[in-house]
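Engineer:
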Amino acid sequence: MNLSGKNVVFVAGFGGIGFEACKQLMSRNVANLFLLDVMENPQALQHLQDMNKKTKVTFIKCDVTDKNSIKNAIGHVVKSVQYIDVLVNGAGVIADRNVEFTINVNLIGLINTTLEAMPYMDKSQKGRGGVILNIASVLGLEPCPPIAVYSASKFGVVGFTRSLADPFYYNRSGVVITGLCPGLTESPMTANPKISDTFEYSKPLTDKIFSAPRQPAAKAGEHLVQVLEMAQNDTLWITDRFAIKKVEHKLFWEP
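The sequence shown lines up with residues 40 to 294 when you count with the numbering used here.
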């Protein structure tokens with residue numbers, strides 16, 4: 040997809056990977072960049088706007104754990120520009136001791152945002168096609184014992200992403216569904232010195248996972264925008280240790 044002139048909605052665009060991806064988007068001359076986040080960041084917003092005066096950057100307060108908040112935010116976007124061409128679902132937390140919050144942010148919020156935006160992207164309804172990119176994780180492809188709840192939420196993201204990418208939906212909607220699975224990446228979420236792991240006694244496993252080599256958020260953000268531009272339906276991409284590679288899907292069962 041040529042991103043020039045497109046309307047982009049980025050959920051959690053002030054996060055580590057999200058903000059770096061948004062900086063990349065500003066170099067693509069998108070028409071509008073909407074940042075949906077629970078907290079405003081005026082300095083970050085101004086930094087993005089200063090990068091390219093041709094792109095209009097707008098912050099909309101949105102709590103992905105609240106369906107009404109999602110509905111109002113998407114409604115604001117559509118009222119402003121009519122069409123959504125790109126949606127990036129980037130909200131995420133590591134908070135295993137708060138099961139409901141983890142699942143609500145990482146999975147349910149992502150699902151509700153996608154379903155709310157889809158009619159305004161679906162060319163058979165009110166849209167003109169586009170791309171939805173869900174940020175999952177390598178821990179949604181492989182189990183992660185020390186943060187089992189986080190891993191479960193990201194497995195859910197992978198399942199939801201691949202299910203909506205079925206050709207039946209794509210042929211009707213013209214909306215590409217794809218996903219990015221970051222490995223350990225420098226971000227506020229992974230920089231927390233006290234990761235909320237599954238059990239108090241998970242610490243040896245937690246320390247092992249979070250001592251793995253990390254890549255900078257800027258590299259993951261660069262890869263995210265590359266995936267948007269490739270716009271290949273039913274694909275997942277791993278960004279890890281400065282490299283990007285396509286996930287090879289395996290068939291385990293079919294009806």
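Ideal Cβ placement from N, Cα and C applies to all residues, glycine included.
1. From the DSSP secondary-structure annotation, give me the bridge partner or partners of V125.
2. With a CB to CB cut of under 7 Å and the five nearest residues on each side skipped, what residues in its chain are close to K106?
3. I'd like the list of long-range same chain contacts for Q88, defined as Cβ closer than 6 Å, with 5 residues on each side in sequence excluded.
4. With DSSP as the reference, label S66 as helix, strand or coil.
5. Residues in its own chain within less than 8 Å of Y209 by CB, not counting five upstream and five downstream?
6. Could you tell me whether the Cβ atoms of D135 and V188 are closer together than 8 Å?
7. Roughly how far, in whole angstroms, is the beta-carbon of V197 from the beta-carbon of L275, given that I think they are within contact range, below 8 Å?
8. Between L263 and L172, how many whole angstroms is the CB-CB distance? I'm expecting something under 8 Å.
9. Closest to L290 by C-alpha separation, out of R201, Q121, Q265, G52, would be which residue?
10. Can the beta-carbon of A83 be found closer than 8 Å to that of K45?
11. For V48, which residues in the same chain have their Cβ closer than 8 Å to its Cβ, ignoring the five residues on either side in sequence?
12. Specify, as a first and last residue, the run of the beta strand (DSSP E) that D246 falls within.
13. Give the secondary structure of I133 by DSSP, where H, G and I count as helix, E and B as strand, and everything else as coil.
14. Using C-beta distances below 6 Å, list every residue in its chain close to Q223, excluding the 5 sequence neighbours before and after it, in chain order.
15. Would DSSP call F194 helix, strand or coil?
Structural biologist: Well, looking at it:
1. V47, V170
2. N151
3. V96
4. coil
5. V215, I216, N272, D273
6. yes
7. 7 Å
8. 7 Å
9. R201
10. no
11. F73, L75, I113, V116, I123, V125, L126, V127, A156
12. Counting along the chain, D246 falls outside any beta strand (DSSP E), though it belongs to the alpha helix (DSSP H) covering 242-249.
13. coil
14. According to the sequence displayed, residue 223 carries Leu and not Gln. Closer than 6 Å at Cβ, skipping near neighbours: A251, R253.
15. helix
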